[in-house]
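A short worksheet on the structure shown next.
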Amino acid sequence: MALSVQTLFFAAYRDLLGTSTLDVELPEGASVSDLVVTLRARGAPFDALPEEPAVAVNRSYAPMGRSLAEGDEVAFIPPVAGG
Amino acid sequence: MALSVQTLFFAAYRDLLGTSTLDVELPEGASVSDLVVTLRARGAPFDALPEEPAVAVNRSYAPMGRSLAEGDEVAFIPPVAGG
Amino acid sequence: MIHSRIVRNPIAPSEVLARVGHPEDGAVLLFLGVVRDHADGRSVTGMRYECYEEMAEEVLAEIAGEAALRLGTDRLAVVHRVGELAIGETSVAIAVSSPHRGEGYDASRFVIEEIKKRLPVWKHEHYADGASAWVEGTVPPGTGGA
Amino acid sequence: MIHSRIVRNPIAPSEVLARVGHPEDGAVLLFLGVVRDHADGRSVTGMRYECYEEMAEEVLAEIAGEAALRLGTDRLAVVHRVGELAIGETSVAIAVSSPHRGEGYDASRFVIEEIKKRLPVWKHEHYADGASAWVEGTVPPGTGGA
Numbered sequence: 004m005a006l007s008v009q010t011l012f013f014a015a016y017r018d019l020l021g022t023s024t025l026d027v028e029l030p031e032g033a034s035v036s037d038l039v040v041t042l043r044a045r046g047a048p049f050d051a052l053p054e055e056p057a058v059a060v061n062r063s064y065a066p067m068g069r070s071l072a073e074g075d076e077v078a079f080i081p082p083v084a085g086g
Numbered sequence: 004m005a006l007s008v009q010t011l012f013f014a015a016y017r018d019l020l021g022t023s024t025l026d027v028e029l030p031e032g033a034s035v036s037d038l039v040v041t042l043r044a045r046g047a048p049f050d051a052l053p054e055e056p057a058v059a060v061n062r063s064y065a066p067m068g069r070s071l072a073e074g075d076e077v078a079f080i081p082p083v084a085g086g
Numbered sequence: 005m006i007h008s009r010i011v012r013n014p015i016a017p018s019e020v021l022a023r024v025g026h027p028e029d030g031a032v033l034l035f036l037g038v039v040r041d042h043a044d045g046r047s048v049t050g051m052r053y054e055c056y057e058e059m060a061e062e063v064l065a066e067i068a069g070e071a072a073l074r075l076g077t078d079r080l081a082v083v084h085r086v087g088e089l090a091i092g093e094t095s096v097a098i099a100v101s102s103p104h105r106g107e108g109y110d111a112s113r114f115v116i117e118e119i120k121k122r123l124p125v126w127k128h129e130h131y132a133d134g135a136s137a138w139v140e141g142t143v144p145p146g147t148g149g150a
Numbered sequence: 005m006i007h008s009r010i011v012r013n014p015i016a017p018s019e020v021l022a023r024v025g026h027p028e029d030g031a032v033l034l035f036l037g038v039v040r041d042h043a044d045g046r047s048v049t050g051m052r053y054e055c056y057e058e059m060a061e062e063v064l065a066e067i068a069g070e071a072a073l074r075l076g077t078d079r080l081a082v083v084h085r086v087g088e089l090a091i092g093e094t095s096v097a098i099a100v101s102s103p104h105r106g107e108g109y110d111a112s113r114f115v116i117e118e119i120k121k122r123l124p125v126w127k128h129e130h131y132a133d134g135a136s137a138w139v140e141g142t143v144p145p146g147t148g149g150a
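Protein chains in written order, with this note's numbering: chain Z, 4 to 86; chain D, 4 to 86; chain V, 5 to 150; chain L, 5 to 150.
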């Protein structure tokens, strides 16, 4: 069994990866942390992502341990600078 | 020798006394405190003025001990409520 | 340019706001004091503001100058209205602008607090039952028995 | 009515201000965040704001709701602009009104501080020398290694 999530990359992360979205397959029961490890394992430029980036799952901020489910939207959030 | 000061009364003090200004003669060397005693000694309604009212001498707040000079403008300032 | 004024005509907030701002400034703050329809549980229908005009102009300028030191810029405007005001009318407007917001909030708050402590202005409240009274105020520092 | 919105068109401060006010309210506060011409000693010529729009709308509404609890009224409007902004243009406007000023200053400040902590918005600064860079930001609470 596997699950598929949609990742989003904004601002500096999008510039780094040259893309704003990517679908990623993960084993059942994977967490945000597993997603980050999977992405960084792809090598450059993905390995330049932080080991513990801020992410939002389905538009809510989530910790690294958060479990992912089929169809989740996982956004990689560089340090924010609104106002 | 005597000195003459112009007193001003605002808001509740003016309503109390029924006048907004009064010239007062005082002995040389008199202080704000002496002025208040002199006014209160006139009896009603002057004796309803506080014993230690806030005053401004020549448009600056002054303590009770402030000495007065000929021609000073002494304003009796009820508790203020701007804004 | 620091601007401070006692006025008798209605205050236009946008005009006060237009007195501040600068390419260096990242934060602009406008405070409006407005006549409200109640006080201490009583229904209020209007307010008459009275002042010791010559002194009030001087004290307001002094407050504005002290606030500008906190603000770190001279982009500060404060206007206080006197006379007969209706509910919802602006009695005081304070505009400031500065590079950073911390100084702006601090200076804006300072102006309104100092106005309440020492500006020689008095309010006569009109109540819905036809009565009216002077609003209880604050004894200015450095005076009387204080 | 609490109002919060991410917008792409220029912000009209007077329109944001007009969303608040009530006969009960004695204090109105308008905060404007403005693009300034310098940052960390570098000359800035403009700024591009980018956001995660769907989430930013939700987070801004959440911040506005929390601020309204502090304010004690629902007279709160906050608008954040994204896109390409010139020096002096308003990036964020926050208007609040309440019976007393303390709650107004507190709620207004809360909104801007929380925006900077957790609104998913990023700024790309353009410098006078032709370079440009993402502005260093803040890691939102409850994420990553935090």
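Virtual Cβ for every residue (Gly too), placed ideally from N, Cα, C.
In this model, GLY141 (chain V) and ALA14 (chain D) are separated by some 11 Å (Cα to Cα).
When beta bridges are read from the DSSP output, MET51 (chain L) appears opposite L:LEU89 and L:GLU129. The Cβ atoms of ARG74 (chain V) and ASP110 (chain V) lie closer than 8 Å to each other. In the structure shown, the three-state DSSP call for GLU19 (chain V) is helix.
Apart from sequence neighbours up to five positions away, the residues of its chain that approach ARG69 (chain Z) with a beta-carbon distance below 7 Å are SER34, VAL35 and VAL60, ordered along the chain.
Counting only unbroken stretches of 3 or more residues, the beta strand (DSSP E) elements lying wholly within the stretch 97-150 of chain V are 125-131 and 136-138, in sequence order. In this structure, the alpha-carbon of THR94 (chain V) lies about 32 Å from that of GLY85 (chain Z). Contact between SER102 (chain L) and THR77 (chain L) holds: CB atoms are separated by about 5 Å, below the 8 Å threshold. Between VAL96 (chain V) and ILE119 (chain V), the C-beta spacing is below 8 Å. GLU140 (chain V) has a beta carbon lying within less than 8 Å of a beta carbon in chain D. Judged by DSSP in its simplified three-state form, TYR64 (chain D) adopts strand. Within the stretch 52-68 of chain V, the residues whose Cβ lies closer than 7 Å to some Cβ of chain D are GLU54, TYR56, GLU58, MET59 and GLU62, listed in chain order. Straight through space, the alpha carbons of ILE10 (chain L) and VAL139 (chain L) are spaced by roughly 19 Å. In the structure shown, VAL24 (chain L) adopts coil according to DSSP, grouped into three states.
Closest by C-alpha distance to ASP75 (chain Z), out of Z:LEU29, Z:ARG43, Z:SER23 and Z:PRO81, is Z:LEU29.
In this structure, ALA31 (chain L) lies away from ARG113 (chain L), with their beta-carbon atoms at least 8 Å apart.
In this model, LYS127 (chain L) and PRO82 (chain Z) are separated by some 10 Å (Cα to Cα). Put simply, of Z:ALA5, Z:GLN9, Z:TYR16 and Z:VAL58 the residue whose alpha carbon is nearest the alpha carbon of ASP50 (chain Z) is Z:TYR16. Close CB contacts of GLU73 (chain D) within its chain, under the 6 Å cut and outside five residues either way in sequence, are with LEU6 (chain order).
Close CB contacts of ALA71 (chain L) within its chain, under the 7 Å cut and outside five residues either way in sequence, are with LEU80, ALA111, PHE114 and VAL115 (chain order). Around the beta carbon of PRO17 (chain L), 16 or more other beta carbons sit within 10 angstroms, so the residue counts as buried. Linking VAL38 (chain L) to MET51 (chain L) through their CA atoms gives a straight-line distance of about 11 Å. Taking a Cβ-Cβ threshold of 9 Å, none of the residues of chain L is close to ALA72 (chain Z); the smallest such distance is about 18 Å. Ranked by Cα distance from PRO145 (chain L), the first of Z:ALA57, Z:VAL8, Z:LEU52 and Z:LEU20 is Z:ALA57. In this structure ALA99 (chain V) is buried. Its beta-carbon is surrounded by 16 or more other beta-carbon atoms within 10 angstroms. Annotation for ASP41 (chain L): SER47, VAL48 and ILE91 place their beta carbon closer than 7 Å to its own, counting only its chain and skipping 5 residues before and after. Burial is judged here by how many other beta carbons sit within 10 angstroms of a residue's own beta carbon; PRO124 (chain L) has at least 16 and is buried. Looking at V:PRO14, V:GLU19 and V:ASN13, the one whose alpha-carbon comes closest to that of HIS7 (chain V) is V:GLU19. When CB distances to chain V are screened at a threshold of 8 Å, the residues of the stretch 15-45 of chain L falling below it are PRO17, SER18, LEU21, GLY25, PRO27, GLU28, ASP29, GLY30, ALA31, VAL32, LEU33, LEU34, PHE35, LEU36, GLY37, VAL38, VAL39, ARG40, ASP41 and HIS42, in chain order. C-alpha of ALA137 (chain L) to C-alpha of GLU31 (chain Z): approximately 39 Å in a straight line.
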